[in-house]
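Peer 1: In this note's numbering, the protein residues as written are 131 to 385.
Heads up, the beta-carbon is just placed ideally off N, CA and C, and yes, glycines get one too.
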Ligand SMILES: Nc1ncnc2c1ncn2[C@@H]1O[C@H](COP(=O)(O)OP(=O)(O)OP(=O)(O)O)[C@@H](O)[C@H]1O
Ligand SMILES: [Mg+2]
């Protein structure tokens with residue numbers, strides 16, 4: 131996809147992540163170049179061990195690359211101080227995990243309010259925002275439930291509300307439906323589709339082709355490299371170009 135640097139929300143330049151394991155070097159990521167614009171809806175797919183979670187951790191500023199540069203909103207993440215990084219993680223990034231990662235002794239409302247504590251928002255405003263986020267995901271009647279009093283799909287909705295609460299630039303979801311049945315998976319994906327339609331940028335890691343089919347762009351990783359990067363819009367554009375070319379050819383024949 132061609133876009134100017136100003137449009138790019140994320141720009142990865144020759145990103146590599148190497149791990150040293152007993153004299154052996156494992157290249158979890160190996161020369162990734164990728165640009166992601168605001169409001170894209172992307173799936174990362176690839177076999178187990180291909181580097182998907184490593185990629186998400188770098189995008190979410192939870193981990194740093196061994197080589198290469200990551201520009202977020204035009205800023206080189208490597209140049210950020212610890213406090214700037216913490217601020218970026220808290221305000222720019224919303225993370226959703228396969229295992230929900232909720233506090234087990236805290237209610238849905240308390241779970242969603244928690245990241246706002248670090249942002250110095252007063253309790254009444256925290257509760258107001260958390261209630262609004264839980265209402266957004268359809269859980270307004272479950273505010274006081276503990277995670278073990280919620281279904282799997284509802285737990286994931288709490289995690290999504292928690293991620294949305296800080297109005298992040300990017301929502302990163304690593305196999306968000308990996309622990310859910312197919313009906314609940316469809317509900318969660320419908321919610322992601324709505325968020326995308328409202329302007330949210332979403333990056334989803336998945337093993338399931340049905341989930342990748344929701345996304346507008348599918349990036350396949352293999353051995354830490356981008357094996358393919360297919361954008362539906364591009365293929366539609368290509369179809370349009372093909373139609374135009376065919377029309378032109380037909381017109382030429384008519385003459
Ligand atoms: N902390 C680590 N130390 C050493 N090697 C690691 C570490 N984390 C990941 N790896 C290796 O890096 C490679 C990529 O791992 P990663 O977790 O990104 O894969 P993945 O695509 O998310 O796989 P899955 O689909 O199973 O979740 C794997 O070969 C893995 O063994
Ligand atoms: Mg993984």
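For the stretch 142-160 and the stretch 196-206, state whether three or more C-beta atom pairs, one from each stretch, are separated by less than 8 Å.
Peer 2: yes
Peer 1: Out of 343, 167, 314, 179, which has the shortest C-alpha to C-alpha gap to residue 116?
Peer 2: Since the first residue shown for the chain is 131 and the last is 385, residue 116 is missing from the structure and cannot be characterised.
Peer 1: Does the stretch 249-264 come into contact with the stretch 303-310, if we say contact requires no fewer than three beta-carbon pairs (one atom in each stretch) closer than 8 Å?
Peer 2: no
Peer 1: Would you call residue 327 buried or exposed, if buried means 16 or more other Cβ atoms sit within 10 Å of its Cβ?
Peer 2: exposed
Peer 1: Excluding five sequence neighbours on each side, which residues of the same chain lie with their C-beta closer than 7 Å to the C-beta of residue 314?
Peer 2: Closer than 7 Å at the Cβ level, and outside the excluded window around residue 314, lie 282, 283.
Peer 1: Shorter than 6 Å, the distance from the beta carbon of residue 296 to the closest heavy atom of ligand 2, or not?
Peer 2: no
Peer 1: Short of 8 Å in beta carbon distance, which residues of its chain neighbour residue 176, apart from the five on each side in sequence? Order them along the chain.
Peer 2: 182, 350, 351, 352, 357
Peer 1: Have a look at residue 231 and residue 215 and give me their C-alpha separation to the nearest angstrom.
Peer 2: 21 Å
Peer 1: Can you say whether residue 147 is buried or exposed, counting buried as having 16 or more other CB atoms within 10 angstroms of its CB?
Peer 2: buried
Peer 1: Do you know offhand how far residue 338's Cα is from residue 332's?
Peer 2: Taking the straight line joining both Cα atoms gives about 16 Å.
Peer 1: Would residue 138 be called buried (16 or more neighbouring beta carbons within 10 Å of its own) or exposed?
Peer 2: buried
Peer 1: Give a single yes or no on whether residue 177 has its beta carbon closer than 6 Å to a heavy atom of ligand 2.
Peer 2: no
Peer 1: Here's the rule: buried if 16 or more other CB atoms are within 10 angstroms of the residue's CB, otherwise exposed. What is residue 241?
Peer 2: buried
Peer 1: Taking a contact to mean a Cβ-Cβ separation below 7 Å, would you say residue 238 touches residue 272 in this structure?
Peer 2: The Cβ atoms of residue 238 and residue 272 lie closer than 7 Å to each other.
Peer 1: Would you decide whether residue 224 is buried or exposed? Buried here means 16 or more other CB atoms lie within 10 Å of its CB.
Peer 2: buried
Peer 1: Select from 234, 233, 329, 166 the residue whose C-alpha is nearest the C-alpha of residue 204.
Peer 2: The residue with the shortest Cα to Cα distance from residue 204 is 166.
Peer 1: I need the DSSP call for residue 210, collapsed to helix, strand or coil.
Peer 2: coil
Peer 1: When burial is assigned at 16 or more other CB atoms within 10 Å of the CB, is residue 286 buried or exposed?
Peer 2: Buried.
Peer 1: Which residues in the same chain have their Cβ closer than 7 Å to the Cβ of residue 336, if we skip the five residues on either side of it in sequence?
Peer 2: Listed in chain order, the non-local C-beta contacts of residue 336 below 7 Å within the same chain comprise 173, 175, 305, 342, local neighbours out to five positions each way being set aside.
Peer 1: Are the beta-carbon atoms belonging to residue 263 and residue 291 less than 7 Å from one another?
Peer 2: yes
Peer 1: Looking only at C-alpha atoms, which of 169, 152, 195, 191 sits nearest to residue 160?
Peer 2: 195
Peer 1: Between the Cα of residue 156 and the Cα atoms of 274, 218, 362, 354, which residue gives the shortest distance?
Peer 2: 354
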